[in-house]
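Scroll down for the structure; my scribbles are underneath it.
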Amino acid sequence: MAITSTKTLTGFPDAKSTGLPDGVVLTASGDVNVTKAGTVLNALDIKGTIWVMAPDVTIQNSRITSTDWTGIWIKPGITGTIVKDNEILNVGSSKDGANGIFGSGTFLRNDIHNVENGINVTGASLIQDNYIHDMKAPNVRAGTVWGGPHYDGIEINGGVSGVDIRHNTIINDNGQTSAVMINNDFGPVSNIKVDGNYLAGGGYTLYSDGSFSSTDKISGVEFTNNELGQGHWGYYYFKGNTPTLSNNDEMGTDWPTPVSPETPPVTPETPTTPETPTTPETPTTPETPTTPETPVTNKATNGNDVLTGTAGADKIDGLGGNDTIKGLGGNDALKGGAGNDVLDGGAGADKLDGGTGVDTASYASAKTGVTASLADASINTGDAKGDTYVSVERLSGSSFADKLYGNSGANLLSGGAGNDLLNGGAGGDRLDGGAGTDMASYAGAKTGVTASLANAAINTGDAKGDTYVSIENLKGSGYADKLYGNAEANLLEGGAGNDVLNGGGGKDVLYGGAGADDLIGGAGADTFSFKALGDSTVSVSGRDTIFDFSGTGGDRIDLSAIDANAAASGNQAFNYIGNAAFSGKAGELRTVKSASDTYVYGDVNGDGKADFAVHLDDAISLHKGYFVL
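Each residue of the sequence shown is one higher than the one before, starting from 23 at the first, in the working numbering.
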């Protein structure tokens with residue numbers, strides 16, 4: 023079985039939206055053995071295997087061609103691995119072929135082909151926006167027919183919990199095994215979410231077999247909102263477990279070609295089935311009046327329509343199918359109907375009604391950034407001002423700096439270009455920052471959260487179940503939070519409460535805010551930021567502690583936002599006086615070093631007493647150059 027249809031399925035990963043970005047110049051390499059935490063492998067043409075033995079490793083913008091049993095191997099127990107924007111093609115050297123990736127981590131926008139198994143998952147992982155296709159194994163070697171491969175796009179063989187498989191294209195045209203295969207051969211399996219993918223082929227498209235063990239159960243498997251191409255024997259093989267099935271579209275054996283949103287479709291999106299009317303209601307002959315300013319009432323077909331309104335107040339109903347509806351100007355009423363629809367009201371106060379399915383309110387056409395909230399639309403700004411939402415689960419921002427807020431449900435917030443702030447609220451949300459430097463925020467949460475960019479499986483509170491794509495920064499709640507960065511440069515903001523901030527690898531900025539915060543920079547040259555006297559008080563109840571300060575390693579304490587002299591106009595810089603006592607002059611900064619601790623004190627009013635303090639959990643000889651004054 024294979025893709026032979028002339029139809030297309032728009033909005034899913036393909037060869038143009040995955041793999042090596044255009045313009046990348048590769049450097050030739052053989053096997054790579056990574057033993058240093060925080061290593062970034064970039065723009066390599068690897069003829070061999072990458073062996074990941076250390077945490078917080080990033081593999082990006084590379085081509086990996088291997089004849090071994092895997093292209094990328096991630097040691098069990100290693101966390102923080104990110105594999106993104108690579109081409110991986112590994113036929114392997116045995117009858118069982120090869121894995122593209124073997125291990126756990128965050129796997130984004132990879133083009134994986136010429137493999138037996140695309141991704142063999144061994145632990146909690148986020149797998150998103152990948153294109154897995156053209157699976158092969160070398161069943162003939164030295165003239166001998168070996169046979170024996172079992173082709174799987176994504177394979178989970180037990181002992182795994184917390185895998186999020188979202189918005190991938192997986193095509194298995196070998197007529198056996200599956201697009202997604204789960205079993206309990208090596209232990210129990212739980213909390214596997216397969217949502218919003220295009221999955222086709224295999225013997226059965228979706229395979230979950232809990233009969234390998236009578237004690238290690240499979241539970242919490244969900245297949246939702248997927249486009250399914252029928253396998254050789256059918257769509258589903260479930261044994262010894264009962265996965266949740268919801269809102270999956272069964273497309274039969276005529277598999278369409280995936281087309282990414284950036285790639286123009288090969289054929290028009292107008293349905294070609296007999297359902298298309300021959301009356302003026304056909305989408306290719308819109309009922310647009312002769313004057314563009316006159317509003318329209320537009321009804322579509324039950325297919326996948328693209329409908330566009332006018333500058334007036336339009337009423338457009340998409341009916342069935344996965345529709346894209348654009349209102350342009352005016353106070354529009356857009357209704358998606360059945361299917362997974364995208365509604366872009368444009369300027370004006372619009373009513374966006376998604377209907378059934380998983381629907382998106384989009385601000386892609388906005389000329390400036392917007393604030394848009396599914397929970398409280400009264401705070402909306404820009405093109406979103408005045409908009410209301412009915413049965414809308416997802417928000418997509420503009421190409422500028424947006425603030426997007428979810429509700430208590432499971433939302434997808436996509437920032438697009440620009441430096442965006444995404445706040446999913448309660449529920450297991452997917453936060454996709456897109457281009458720019460983007461922040462996942464938990465401001466407004468009713469309790470403290472644990473949120474980790476490196477390993478979202480440990481998240482708690484409003485962050486529980488959230489997954490991150492292209493998110494660089496985290497902001498906590500008004501309570502005691504634990505925020506963890508990853509191998510990249512992160513900004514962590516604790517907010518109020520006694521927070522724990524851990525930057526991980528990369529050049530991070532840690533800002534605890536009010537409360538007694540524990541600040542851990544991790545690897546890299548980190549900045550510990552203080553913006554107000556109340557951020558770290560003389561009293562231990564509000565005093566911050568820095569645990570791993572290394573001035574020689576590039577760490578800095580940034581006090582530049584604090585006015586060192588309250589009596590003078592403007593923002594005055596501190597005068598560093600080393601370990602000398604205060605002299606009674608405003609703006610002095612001194613340090614005190616003991617056997618196992620170091621303290622930083624500042625006097626902003628000239629009374630000879632400290633007005634704020636910072637504790638360093640080690641005896642450190644500080645110098646003026648270690649501060650941003």
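Built from N, CA and C at the ideal position, the CB exists for glycine as well.
Q. Heavy atom of the ligand COA less than 7 Å from the Cβ of Glu510, yes or no?
A. Ligands in the displayed structure: none, and consequently the ligand COA is not present.
Q) So what's Asp327 in DSSP terms, helix, strand or just coil? A) coil
(Q) Spatial neighbours of Asp174 within its chain, please: C-beta separation below 6 Å, excluding the five flanking residues on both sides. (A) Asn139, Thr199, Ser200 and Met203
**Q.** Contained beta strand (DSSP E) runs [length at least 3] in the segment 208 to 232, N- to C-terminal order
**A.** 211 to 217, 220 to 223 and 226 to 231
Q. What alpha helix (DSSP H) runs, 4 residues minimum, are completely inside the segment 120 to 152?
A. none
**Q.** Selection from Phe124, Gly544 and Ala595 that minimises the alpha carbon distance to Glu510
**A.** Gly544
Q | Nearest candidate by alpha-carbon position, reference Asp345, set Gly376, Thr227 and Ala355 | A | Gly376
Q. With distances taken from CA atoms, which of Ala595, Ile642 and Ala386 is nearest Ala617?
A. Ile642
**Q.** Bridge-paired residues (DSSP) for Thr279
**A.** Thr30
Q: Find out if the Cβ-Cβ distance for the pair Gly526, Gly507 is shorter than 8 Å.
A: yes
Q. Is Lys425 helix, strand or coil by DSSP?
A. strand
Q) Are the CB atoms of Asp454 and Val281 nearer to each other than 8 Å? A) no
Q: Tell me where the beta strand (DSSP E) around Phe260 begins and ends.
A: Gly256 to Lys261
Q | Neighbour-count burial assignment, Ile401, 16 or more Cβ in a 10 Å radius | A | exposed
Q) Can you tell which of Met75, Val47 and Ser430 has the C-alpha that lies nearest to the C-alpha of Leu66? A) Val47
Q) Which whole-angstrom value is the C-beta distance of Gly122 and Ile104, which I expect to be below 8 Å? A) The pair is not a contact, with the Cβ atoms about 15 Å apart (cut-off 8 Å).
Q.
Tell me which residues share the same chain as Asp625 and place their Cβ nearer than 7 Å to its Cβ, disregarding the 5 neighbours each side in the sequence.
A. Phe604, Ala608, Glu610, Lys631, Ala632 and Asp633
(Q) Please return the same chain residues whose Cβ sits closer than 6 Å to the Cβ of Val243, not counting the five positions on each side in sequence. (A) Ile214, Ser230 and Pro265
Q | Nonlocal neighbours in the same chain, by C-beta distance under 6 Å from Gly487, ignoring five residues either side | A | Gly450
**Q.** Beta-carbon contacts of Val614 that lie in its chain and below 6 Å, excluding the five residues immediately before and after
**A.** Tyr621
Q. Relative to the alpha-carbon of Thr330, which residue among Gly342, Leu444 and Ala355 has its alpha-carbon at the smallest distance?
A. Ala355
Q. Using DSSP with H/G/I as helix, E/B as strand and the rest coil, what is Ser563?
A. helix
Q.
If I measure Cβ to Cβ from Gly576 and keep anything under 6 Å in the same chain, skipping five residues before and after, which residues do I get?
A. Ala547
Q | Beta-carbon gap between Ala635 and Val531 smaller than 8 Å | A | no
Q: Evaluate contact between the segment 429 to 436 and the segment 401 to 410, counting only Cβ atoms and requiring at least three cross-stretch pairs below 8 Å.
A: no
Q: Below 8 Å on the Cβ atoms is my guess for Gly70 versus Ile96; work out the distance and round it to an integer in Å.
A: At roughly 16 Å, the Cβ-Cβ gap does not stay under 8 Å, so Gly70 and Ile96 are not in contact.
Q: Kindly list the residues whose CB is nearer than 6 Å to the CB of Thr382, restricted to its own chain and excluding five residues on each side of it in sequence; keep chain order.
A: Val364, Arg416 and Ser418
Q. Straight-line CA distance for Glu315 to Gly408?
A. Residue placement at Glu315 is poorly supported in this model, since its pLDDT is 39, which falls under 50; the coordinates are not used for a value here.
**Q.** Gly129 versus Trp91 - alpha carbon distance
**A.** Looking at the sequence itself, residue 129 is Phe, so the reference to Gly does not match. Approximately 19 Å, taken between the alpha carbons.
Q) Got a sec, what are the start and stop residues for the beta strand (DSSP E) Ala462 sits in? A) Met461 to Ser463
Q: Closer than 6 Å by C-beta to Val79: which residues in its own chain qualify, once you throw out the five before and the five after it? Chain order, please.
A: Val56, Thr61 and Thr103
Q) Would you call Thr227 buried or exposed, if buried means 16 or more other Cβ atoms sit within 10 Å of its Cβ? A) buried
Q.
Looking at Gly232: is its Cβ nearer than 8 Å to the Cβ of Asn270?
A. no
Q. Are the beta-carbon atoms belonging to Lys106 and Arg131 less than 8 Å from one another?
A. yes
Q. Mapping DSSP to helix, strand and coil, what is Ala617?
A. coil
Q | Straight-line gap, Leu443 to Asp424 (C-alpha atoms, nearest Å) | A | 6 Å
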